[in-house]
Amino acid sequence: MKKEAAKGTYVIPVTSYKQRVMEATGISEKIYRQICKEMGLIEAGVINSFSSPS
Numbered sequence: 245m246k247k248e249a250a251k252g253t254y255v256i257p258v259t260s261y262k263q264r265v266m267e268a269t270g271i272s273e274k275i276y277r278q279i280c281k282e283m284g285l286i287e288a289g290v291i292n293s294f295s296s297p298s
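Residues are numbered in this note's numbering as their position in the sequence shown, beginning at 1, plus a constant of 244.
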């Protein structure tokens, strides 16, 4: 996001929300997928909350 502020334009297109989230938070795609998977389990009622990082 700092790159975008410096350039005054989008570096990663707004339509690429996954890429933007990973860039903004500094997480890898593997972690992103794990969070999405856990969110699905929470919504389905399989688990009650996110797991803690080990």
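We put the beta carbon where it would ideally sit given N, CA and C, even for glycine.
The model shown is predicted, which means the values in this text are computed figures rather than measured ones.
Taking Cβ positions, are residue i and residue j nearer each other than 8 Å?
| i | j | result |
| --- | --- | --- |
| I256 | R264 | yes |
| L285 | I291 | yes |
Following the continuous alpha helix (DSSP H) through residue i, name the residue where it begins and the one where it ends.
| i | result |
| --- | --- |
| M266 | Y261 to T269 |
| Y254 | Segment: none, Y254 is in no alpha helix (DSSP H) and carries neither H nor E. |
| M245 | First-last for M245: undefined, no H or E at that position. |
| I286 | E273 to A288 |
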